[in-house]
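Undergrad:
Have a look at this one:
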């Protein structure tokens, strides 16, 4: 399988050597050894720092979609009302997922190049009275970043739980779970945290735990066993000790750098990427610069190019990026500058390749 010297896909991102080394270490059984539970508690405490929350944070074995599905199934019964706030592939997709769980879903939708209007969300929430309001912080396929506080306040004022997918932003952008009234916050290991797609994490508020207890969903992705399981030293399955050690390495690195510095690094690299693309003559996808995500840049496919041809041309120069999904397929490409890839030298090399390809077209 071919590898590339300029990896800029929007996840899974390049895994740092220190994290890789954690995967090469032999461990005992995560079910039985006190050392593992101490590791789990340490990672949870550090995730609470990164996410700015006093809420519990579960850490489960499985890619980030495990968190999205597990949180929905853990708080919803057939017929429960869900208001899906949607401005991209994942926002609309979460609404579809809730329907699969049997919920009655209303979508308050916005353009794929924009962010939600809180006034419209409030009107829908006060009229529909949902049990759950869902939103996406960073819409990776379209490169937008949604402000969360006003949406969380609406959820709190209408007695709904607030469910937020911050898989592609957590750790690289301030999330502020408690200040934004987030009841269920969803995170994956393969984005800013720069691990393989092995772990999913969910911040769970006391209000959410009460609903989880009422629903009593049981399944591999269920949240219920994680309320007391780590403390009771009883897990629902054998955990991934190697990935947990890698997570600890990643969190230690973020906290050692200092979260304000981490956020500044992501902001600066993203601004550089957007500026270079525009200088090259490529239009950005988000409607306004202020709603562009610091972790991924989405841009319009240059005129005269198909996505397969553009992708192949970049790969010939050792660079790999991402296309997009759904309505954005063949229209948008994405540069992932999150976590280990929020590196100005790496992105500079990538932009040089894009410029070279465009000049030689």
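Residue numbers (our numbering): 252 to 612. Built from N, CA and C at the ideal position, the CB exists for glycine as well.
Using a Cβ distance threshold of 8 Å, determine whether the segment 322-333 contacts the segment 352-368, with at least three qualifying pairs required.
TA: Yes, the segment 322-333 is in contact with the segment 352-368.
Undergrad: Buried or exposed for residue 479, going by 16 or more other Cβ atoms inside 10 Å?
TA: exposed
Undergrad: Return the chain-ordered list of same chain residues with a C-beta closer than 7 Å to the C-beta of residue 325, the five sequence neighbours on each side being excluded.
TA: 463, 466, 468, 473, 474 and 475
Undergrad: Give the single residue among 454, 547 and 445 whose Cα lies nearest to the Cα of residue 495.
TA: The shortest C-alpha separation from residue 495 is found at 445.
Undergrad: What do you get for residue 488, buried or exposed, if any count of 16 or more other CB atoms within 10 angstroms of its CB means buried?
TA: exposed
Undergrad: Which residues bound the beta strand (DSSP E) around residue 413?
TA: Following the DSSP letters along the chain, one finds residue 413 inside the beta strand (DSSP E) bounded by residues 412-416.
Undergrad: Who are the Cβ neighbours of residue 375 in its own chain at under 8 Å, not counting the five residues just before and after it?
TA: 334, 357 and 359
Undergrad: Any contact of the segment 268-283 with the segment 412-426, i.e. 3+ C-beta pairs under 8 Å?
TA: no
Undergrad: Excluding the 5 residues flanking residue 590 on each side, which residues of the same chain have their C-beta closer than 6 Å to its C-beta?
TA: 264, 443 and 445
Undergrad: Considering Cα atoms alone, identify which of 598, 253 and 548 is closest to residue 390.
TA: 548
Undergrad: Could you name each continuous beta strand (DSSP E) segment of 3 residues or more that falls completely within the segment 271-321, going from the start of the chain to the end?
TA: If we require 3 residues or more, the beta strand (DSSP E) runs fully inside the segment 271-321 come out as 307-312.
Undergrad: Using DSSP's beta-bridge definition, name the partner residues of residue 258.
TA: 571
Undergrad: If you check the beta carbons only, do residue 523 and residue 595 fall under 8 Å apart?
TA: yes
Undergrad: Give the single residue among 400, 377 and 423 whose Cα lies nearest to the Cα of residue 301.
TA: 423
Undergrad: How many angstroms separate the CA atom of residue 366 from the CA atom of residue 320?
TA: 23 Å
Undergrad: State buried or exposed for residue 483, treating a residue as buried only when at least 16 other CB atoms are found within 10 Å of its CB.
TA: exposed
Undergrad: Nearest to residue 261 by CA position, among 593, 379 and 290, is which residue?
TA: 593
Undergrad: Would you please state the rounded distance, in angstroms, between the beta carbons of residue 313 and residue 501? I believe it to be under 8 Å.
TA: Going by Cβ atoms, the distance from residue 313 to residue 501 rounds to 17 Å, so no, they are not a contact pair.
Undergrad: Could you check how far apart the C-beta atoms of residue 339 and residue 386 are, in whole angstroms? I think they sit under 8 Å.
TA: The Cβ separation is near 10 Å, so there is no contact.
Undergrad: Could you give the first and the last residue of the continuous alpha helix (DSSP H) run that contains residue 439?
TA: First-last for residue 439: 435-439, but that is the beta strand (DSSP E), not the alpha helix (DSSP H).
Undergrad: So residue 381 and residue 405 are supposed to be a Cβ contact under 8 Å. How far apart are they, rounded?
TA: Incorrect: roughly 10 Å between the Cβ atoms, too far for contact.
Undergrad: Using the rule of at least 16 other Cβ atoms within 10 Å of the residue's Cβ for burial, across every protein chain shown, is residue 430 buried or exposed?
TA: exposed
Undergrad: Nearest to residue 362 by CA position, among 409, 396 and 530, is which residue?
TA: 396
Undergrad: In the DSSP assignment, what residue or residues form a beta bridge with residue 550?
TA: 535 and 584
Undergrad: Are there 16 or more other CB atoms within 10 angstroms of the CB of residue 491, so buried, or fewer, so exposed?
TA: buried
Undergrad: Measure the beta-carbon distance from residue 437 to residue 315 and round it to whole angstroms, keeping in mind my assumption that it falls under 8 Å.
TA: 7 Å
Undergrad: Could you compute how far the alpha carbon of residue 498 sits from the alpha carbon of residue 440?
TA: In this structure, the straight-line span from the alpha carbon of residue 498 to that of residue 440 is close to 8 Å.
Undergrad: Evaluate residue 587 with the Cβ neighbour count: other Cβ atoms within 10 Å of its Cβ, from every protein chain shown; 16 or more gives buried, anything less gives exposed.
TA: buried
Undergrad: Following the continuous alpha helix (DSSP H) through residue 577, name the residue where it begins and the one where it ends.
TA: That residue, residue 577, is in no alpha helix (DSSP H); it is neither H nor E in DSSP.
Undergrad: In the DSSP assignment, find the unbroken beta strand (DSSP E) run with residue 484 in it and report its ends.
TA: In the DSSP assignment, residue 484 falls outside any beta strand (DSSP E), carrying neither H nor E.
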